[in-house]
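The next block holds one structure in the form of structure tokens; read it before the comments.
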Amino acid sequence: MKSLRLKILAIIIPILIIALVTLGSMNYMQAKKLIQEDNKSELIKTAEDESNSVKLWFDVYRQQITTYARSPIIVSGTHEEIMDYLRKEIKNNPLYANILCSDTKGNAYSALGISVNIANRDYFEQALKGKTVISDPIISLYTGKRVVEIAAPIIKDGNIKGVIAASITVDDIVKHILSIRIEKTGYAFLVRKDGLVVIHPDKKVANTLNIFTSKNIDTSLKTFGRNMLKSTSGSGKFISNGVSQYAAYSRVPKTDWYLVIQVPKQEINVKLIGFAKILLATILIVMLIVIEAIILMASHITKPIELLEVEANRISLGEYTVNSVNINLKDEIGRLSRTFEKMVGNLKNNYEELMNTYEALEISNQEIIASDEELKEYNAELHKSKEALRISEERFRLATEGSNIDIWDSDMDSNMVSFYRAPDSTGVYNPIDEISKIHSRIHPDDREYVRKLFKDSITKKSPYVECEFREKDKYGEYRWVLCKGKISWNDDGKTIRISGSNMDITERKKIEEKINYMAHYDALTGLSNRTLLYDSFSAALYEANTNNKRLALLYIDLDNFKNVNDLLGHNYGNELLKNVSEKLLACVSKVDIVSRLGGDEFAILLPFIKDNNEINKVLNKIMDMFKVPFVLNGQEFYISSSIGVAIYPKDGQDITTIMKNSDTAMYSAKNSGKNKYAFFNTSMNDKVISRLKLENSIRRALEKSEFVVYYQPQMNLKTETISGVEALIRWESPSKGIISPIDFIPIAEETGLIVPIGEFVLKTACKQIRKWNDLGYKNLNMAVNFSARQFKQNDLVNSINNIISEEGVDPKHLEFEITETMVMEDIDNTVEILKAIKKSGIKISLDDFGIGYSSLNYLKELPIDVLKMDKEFVLDICENKKQAEIARTIISLAHNLDIEVVAEGVENVKILDLLKEYGCDKAQGYLFSKPVKPESIEKMFSSSSLKR
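Next comes the structure, spelled out in structure tokens:
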């Protein structure tokens, strides 16, 4: 029986091993599933708890605002008592960015001291309905930041008398999210509905990674994101930075954010690995024990089997009677021996019963075959009906899916509505629903409007109705819907049904909100624009009139800002404007309004001022701010500003007048030397009017040819003859006589009228020099002055060449005079223009040398032919030895550089003799002649040797 024992062992042991391995695998898989489900549930619960904590957080502050609204001070206090109360509460609650109270018309005053009108705010309209509400994130009218407003009605004697609201910055709401940690390295982050990660432990990821559009992210993360948008909470897997992650998400109620928690897969599987080790050890121990027991049992079993073997051999020979086998065992072997005897006797009976059963089964099979044929015919008819229904549904689906519009039909008798919801729709529509339930999903503020619109259309028998309203979507948020419907009546005039469609227009509404923001804020700096400044002024004006306060408007213009754009480019100019905006905000309080009016002009509204000391403090801060250099791209730049101040009600009763007068004061400060501020006074208007009259007179003088050119001779000190003349503009006014250039040239320079005046002088001078050349004065030189404004013309060189060509003048007889100040404004550009002018044969003269920069270092770089010492410098050389020595040095230096020297303002012989001694080349001044008309100059020519 050794072979039997071996066979038993060979069969049972492998079966045992397979059974244990199978059982272990099943236990492992079941445990794995349970552990993973437990981990998933735990992650989802964590995500839901954290997202709900934001909601619970809001509930606390909503209750607090309700308490404020019931406060006796808020309900019945004076304005000052309410303001003190608001300031106290905002101080006690640092989380509040602002607290405001308003009347029923939306006129609001806040703890920050700013008054605005909030009548168009949704939270205000809802609060007026008697509800405590929490707004969607909006842009604060006070701080310009994204905030959530918690608002409640103020009720007195059963009537709503106003609204109280508190602002909470969105950033404060989500700070605690960064502290969430799961396992060793798991963490949470916040992702917006459009896929942008807004909060993340890694600052490089926050506000840069988009799980839908960013490059180099695994497709599993995008799939996770798409699944996330389909439900309010759930879980999933994705790969991040090459590591497999388990993740769960939950939508933060009433926001477009999802809280996502991610944990590396290997950390989640720690429990599973531990269980697997324990299970494997248990299986090995059990296997060893059972194998040893099987070996012992095999030996015990084989002995009684030997006794049965003899009787079994007899049965195999066909004998159905068996002798009793004396095996005194009570186990299976014993029972086997006792039943062995019965087996043969029952064998024949069992065979007969089997045959009877077979015949019965054959009959049943025939009956089943007949029933199956009938069932096939029924199924064929059913298939045809289903196919016809499928084709009909397919046509309807294709027609509606293409438009992505929800279709509805209401039966007025049953008050039931049938809906077909578009595949991508976010609407909450059951296939069949009650009209009252549909109505309850409409925003409370819109329900009456929608009900009345449909009622009026039914009453007036107007079949078509169209309206826009808000209704709750499947996420519990309100979406905007464009509803279009058609009303049907029976022959008796009874309304029987209304059919129509609902289209989601939420995105369009968001765009309209964005456009509204763009209409009130400056795109470059983020400051309020002129429109919002005017609105803020109106609100502040109302508050000032109510509380007998004053307002101040500061009009700020950057000095010489155009030079930054011209020299460095508009990118630097834009950066400078943004830096100035930030620093201006730092100079004022929260209640003050800083606005960019356009270009380099800013305005600051100071509401509720008591006296000029408050204004002076702000002005001094601004002036000190401009003393500090601005750093752009690593370079330091200095810039100043001119500021004009106008005060309400002293300087005007409306924004237009206040703005105009502050602008006038600003120009007064700028005309006084820039980098200053000035308060408006009525005399400024007189100056402005006088200036405008002068500007208009200059324009008329150009039109009526009231300008003339006088000429002052230049004497050659070696030959003592006239070598040339300087053309000088004069204004011969019919009513005022001769007007000095000192009185009108600055205005002409500022307004740009100097350009046509300069062209007139050049043309007149060219005509005159050609005339004198025709008369035989061939060696005469004509000097013409050019202003800085003329040098900024893009086509200056072409314009000069065209005039010379038109007048037929030889360029060698012309000399253009420029000033040191003009050169130093932009030396590189000026040098290029001068080279182009000189290339045509015109000589260049540097005028007023000695009173400006005295740029000796630049003489060698400038393409000049003549250096003119200014009269203020020349007049002192006889009395001042140092001045005389400087003059001698300048003449010597100029000659070494091959530059001719002309002295201006020579009024006596003593100065003339000293200049001759120093070797000066030419001179002009009253000693020889004042500026005179051409005829007088020609008389001087007759005594000179100019004619050849």
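Those letters in the sequence shown? Residues 119 to 1066, by the working numbering. We put the beta carbon where it would ideally sit given N, CA and C, even for glycine. Since we're looking at a predicted model, the values are computed, not measured.
Beta-bridge pairing of I727 - partner residues as DSSP gives them: Beta-bridge analysis with DSSP links I727 to R668.
query: In the region 320-390, which residue ranges form an unbroken alpha helix (DSSP H) of at least 4 residues, counting only runs that do not cross its ends?
result: 337-346, 383-386
message: Can you look up F798 in the DSSP assignment and give me helix, strand or coil?
response: coil
query: Looking only at C-alpha atoms, which of D677, A237, E589 sits nearest to R565?
result: E589
field: Limits of the beta strand (DSSP E) - the one that Q832 falls within
entry: 825-834
Spatial distance of L571 from G545 (CA atoms): 21 Å
message: Please identify the residue among W607, D861, R809, P541 whose C-alpha is closest to the C-alpha of E850.
response: D861
- request: Measure the alpha-carbon distance for E160 versus P382 and round it to whole angstroms.
  value: 15 Å
- request: Could you work out which residue in N734, I875, S646 is closest to E821 when comparing CA atoms only?
  value: I875
message: Run through the DSSP bridge pairs and tell me what A721 is partnered with.
response: Note: A721 sits in a beta bridge opposite Y673, S713.
- prompt: Hey, how far is the Cα of L138 from the Cα of L124?
  reply: 21 Å
task: Confirm, please, whether the CB-CB distance from S228 to L218 is below 8 Å.
output: yes
Proximity below 8 Å, CB of D944 to CB of L685: Less than 8 Å divides the Cβ of D944 from the Cβ of L685.
task: Going by DSSP, name the residue or residues bridged to Q80.
output: Because the chain here runs from 119 to 1066, residue 80 falls outside it and cannot be looked at.
- request: Would you be able to state if there are at least three C-beta pairs under 8 Å between the region 826-839 and the region 1034-1052?
  value: At 8 Å Cβ cutoff, the stretches touch.
query: What did DSSP end up calling I623 once you bin it into helix, strand or coil?
result: coil
field: Host beta strand (DSSP E) of E589 (start-end)
entry: Looking at the DSSP string, the run of the beta strand (DSSP E) that includes E589 is 582-590.
- prompt: In three-state terms, what does DSSP make of K466?
  reply: Because the pLDDT at K466 is just 49, under 50, the model does not fix this residue reliably, and the value given afterwards should be weighed accordingly. Three-state result, K466: helix.
query: Looking at S285 and V265, is the spacing between their C-beta atoms short of 8 Å?
result: Going by C-beta atoms, V265 is nearer than 8 Å to S285.
query: How is P767 classed by DSSP in three states: helix, strand or coil?
result: coil
message: Within 10 Å of its beta-carbon, does I550 have 16 or more other beta-carbons around it, so buried, or fewer, so exposed?
response: I550 comes out exposed.
message: Measuring only the C-alpha atoms, how far is M743 from K701?
response: 7 Å
query: Which value, in whole angstroms, describes the spacing of the CA atoms of C884 and G870?
result: Annotation: C884 to G870 spans about 22 Å, alpha carbon to alpha carbon.
query: Who pairs with Y186 in a beta bridge, going by DSSP?
result: Listed as beta-bridge partners of Y186 by DSSP are no residues whatsoever.
- prompt: In three-state terms, what does DSSP make of G959?
  reply: coil
- request: Please classify I298: does DSSP put it in a helix, a strand, or coil?
  value: coil
task: Assuming R848 contacts V826 (C-beta within less than 8 Å), just tell me the rounded distance between them.
output: 5 Å
query: Do the region 614-634 and the region 692-710 touch if we need at least three Cβ pairs shorter than 8 Å?
result: Segments in contact, no.
- request: Taking only the alpha-carbon atoms, compute the straight-line gap between K348 and K333 and give it to the nearest angstrom.
  value: 23 Å
- prompt: Got a sec, what are the start and stop residues for the beta strand (DSSP E) E1018 sits in?
  reply: 1018-1021
field: Three-state secondary structure (DSSP) of Y1044
entry: coil
message: Please classify M784 as buried or exposed, where buried requires at least 16 neighbouring CB atoms within 10 angstroms.
response: buried
query: Do you know offhand how far P981's Cα is from K896's?
result: 25 Å
query: Buried or exposed: H1068, going by 16 or more other Cβ atoms within 10 Å of its Cβ?
result: Outside the displayed range of the chain (119 to 1066) lies residue 1068, so it cannot be described from this structure.
- request: Output the distance between the C-alpha atoms of Y469 and L406, rounded to the nearest integer angstrom.
  value: For Y469, the pLDDT reaches just 46, beneath the cut-off of 50, and the residue's location in the model is therefore unreliable, although a value from the coordinates is still provided. Each residue's alpha carbon lies about 45 Å from the other.
message: Please report the straight-line C-alpha distance between S699 and A226, rounded to a whole angstrom.
response: 27 Å
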